[in-house]
Amino acid sequence: MGFPEGFLWGGATAANQYEGGYLDGGKGLSTLDAITDGSHTVPRKISFKTADGEIKYVTRDQELGKGATGYVDPNQYYPSHVATDFYHHWKEDIALFAEMGFKTFRLSIAWSRLFPRGDEKEPNEEGVKFYEDVFKELRKYDIEPLVTLNHFDMPMYLADEMDGWLDRRVVDYFVNFARVCFTRYKGLVTLWKTFNEINFMRAWNTLGTKAYDDQTRYQALHHVFVASAKTVLLGHVIDPHNLVGMMIAYGTSYPEDCNPDNYMKNIEEMHVKQFFCDVQCRGYYPNYKLKEFERNGVVIEKEEFDDDILLDGTVDFIGFSYYSSGISTIRTDAETTDGNQKRNIKNPHLKANDWGWQIDPVGLRIALNELYDRYELPLFVVENGLGAIDTVEEDGSINDDYRIDYLAAHIAEMKKAVEIDGVELMGYTPWGCIDLVSAGTGEMRKRYGFIYVDMDDEGKGTLKRSKKKSFDWYKKVIASNGEDLSK
Ligand code: BG6
């Protein structure tokens with residue numbers, strides 16, 4: 007009973023929030039390198055040049071306009087440039103993960119480290135070697151790398167010159183990037199995910215497009231889907247041991263009450279995320295989406311074999327992030343609170359963290375059930391965790407009991423999903439296992455880690471690593487395969 011033997015306990019990170027070294031070792035600029043810092047109240051911005059050469063800043067929900075190009079302003083602080091500097095601390099960090107007993111470690115590959123412009127045929131060898139060294143180091147400790155091929159960024163050149171994923175050529179560039187990863191890391195990596203939180207790919211940094219209207223976004227996303235399916239197929243050919251999954255932000259959602267209209271509204275809101283799983287797990291566009299396209303005049307341009315590729319290249323597993331749940335209502339005056347990349351309606355039954363994200367462990371069990379019932383594919387909780395402000399005491403200790411409570415409650419629900427509901431679950435990698443930059447706000451003070459990194463919101467700090475109280479707690483959880491959640 008309990009979690010199966012071989013359950014993959016670990017932690018998760020992403021290059022643009024953790025790696026730093028933004029120009030080291032021949033890396034090219036990525037779109038994320040032009041995203042400023044921000045805070046809970048001040049949104050992060052994109053810095054760019056207009057077609058007329060004017061330097062401008064817009065928030066990530068604002069369009070850049072035709073002919074715009076990303077611009078790194080020398081007078082501006084950009085959190086991705088150093089982040090928490092995995093690039094220069096990887097040995098030390100991996101040793102700490104090993105000390106916690108990690109079975110897996112999730113990281114993403116910076117596309118622009120392997121392909122600085124994105125359209126090259128051959129990769130930047132220094133970049134290839136960096137990740138090879140990292141994977142070998144992980145293997146030394148029997149830690150299975152869990153690799154996200156693309157986490158929220160792309161080579162800036164592809165966004166500047168080709169309008170990112172709107173251009174069909176980008177499919178081939180991405181598949182070539184994936185080919186290099188599969189061949190060069192064969193034998194070192196077998197667990198892959200194509201696109202992080204594919205349902206949140208909608209801005210310049212993720213899609214590379216300069217307009218965000220439905221026609222543009224869905225055409226670009228079609229190319230992402232095709233690239234993902236081709237990547238799955240290629241991964242299997244290059245190494246039959248490869249498992250290639252998808253990744254979605256999946257917070258479940260409840261109708262506000264038993265009003266049938268609220269229930270229907272909830273179905274519609276669930277379709278917004280299910281669409282991404284439906285295409286990648288079932289292999290075709292669902293009818294509710296085709297009807298929506300028809301109503302809104304969205305016409306997807308497809309190449310001859312796209313539908314076959316989508317059908318053949320369905321994923322091996324579903325990775326998902328879970329932080330909180332949502333509510334659907336037809337009311338327009340409902341009180342809202344912040345959530346992951348969108349505002350949520352307040353749930354009177356739940357408490358929230360300092361950023362307004364509501365805490366709902368049972369929602370994780372519900373999410374696991376919903377996904378498993380719908381697709382019957384193995385699941386992987388590849389992100390979960392509590393963003394919180396940590397205090398370093400005079401003696402250097404960091405007593406993050408709130409984080410332990412959050413994680414323990416979620417693990418307990420996850421266990422019920424496995425033990426009682428029979429959900430097939432591959433593993434659990436809490437987000438930001440070592441402190442890193444917040445994707446939403448660009449802050450450092452919103453910390454998730456078991457390991458503290460001395461770095462502040464302005465990018466000042468020694469980058470020194472130290473263990474929080476949760477470090478030893480998680481070590482015990484892993485050693486007991488999730489049986490001992492006590493403090
Ligand atoms: C997910 C992303 O949306 O949530 C991560 O995949 C992100 O990149 C995480 O960091 C937590 O969000 P935030 O805004 O607290 O960093």
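Residue numbers for the sequence shown follow this note's numbering, beginning at 7 and rising by one.
C-beta atoms are modelled at their ideal positions from N, C-alpha and C, and glycine is treated no differently.
Asked                                                                                                         : Found
Beta-carbon proximity list for D79, same chain, < 6 Å, skipping 5 on both sides                               : S53
Proximal residues to K33 (C-beta, below 8 Å), its chain only, five neighbours per side dropped                : G27, A116, S118, R119, P122, N130, G133
Start-to-end residues for the beta strand (DSSP E) that takes in F108                                         : Where F108 is concerned, there is no enclosing beta strand (DSSP E), given that its DSSP letter is neither H nor E.
Limits of the unbroken beta strand (DSSP E) element including G325                                            : 323 to 327
Check whether D173 and N302 have beta carbons under 7 Å apart                                                 : no
Residue from E430, D91, M106 with nearest C-alpha to S486                                                     : M106
Contact belief for G393 with N359 at Cβ below 8 Å, rounded distance in angstroms                              : 6 Å
Any non-hydrogen atom of the ligand BG6 closer than 6 Å to E25 Cβ                                             : no
Between the CA atoms of H416 and T343 - distance to the nearest angstrom                                      : 21 Å
Distance between L14 and R112 (C-alpha atoms, nearest Å)                                                      : 11 Å
When D396, N205, C187 are compared against L197, the one with the closest alpha-carbon                        : C187
Exposed unless 16 or more other CB atoms sit within 10 angstroms - verdict on R223                            : buried
Selected residue, minimal CA-CA separation from F180, among L296, E167, H229                                  : H229
Terminal residues of the beta strand (DSSP E) in which E389 lies                                              : 385 to 389
Paired residues, beta bridge with M252 - DSSP                                                                 : I324
Paired residues, beta bridge with Y458 - DSSP                                                                 : S472
Own chain partners of E138 with C-beta closer than 8 Å, once the 5 adjacent residues on each side are dropped : R190, Y191, L194
Nearest to W171 (by Cα), restricted to the options L144, A209, D148                                           : A209
Exposure of H157, with buried meaning 16 or more beta-carbon neighbours within 10 Å                           : buried
beta-carbon G448 near the ligand BG6 non-hydrogen atom, thresh 6 Å                                            : no
Same chain, Cβ closer than 6 Å to G467, five either side skipped, listed in chain order                       : D460, M461
Pick from G76, V140, R145, A233 that is closest to M162, judged by C-alpha positions                          : G76
Runs of beta strand (DSSP E) wholly within the stretch 356 to 421 (minimum 3 residues, chain order)           : 385 to 389
Nearest-angstrom Cα separation, counted from D463 out to A414                                                 : 28 Å
Closer than 6 Å: W117 CB and nearest the ligand BG6 heavy atom                                                : no
Alpha helix (DSSP H) segment containing K297, residue limits                                                  : 293 to 302
Residue of P367, G251, D169, G71 minimising C-alpha distance to K422                                          : P367
Beta-carbon gap between G488 and V388 smaller than 7 Å                                                        : no
Residue environment, P10, which counts as buried when at least 16 other CB atoms sit within 10 Å              : exposed
Any non-hydrogen atom of the ligand BG6 closer than 6 Å to S331 Cβ                                            : no
Any alpha helix (DSSP H) of 4 or more consecutive residues that is wholly inside the stretch 216 to 273       : 220 to 244
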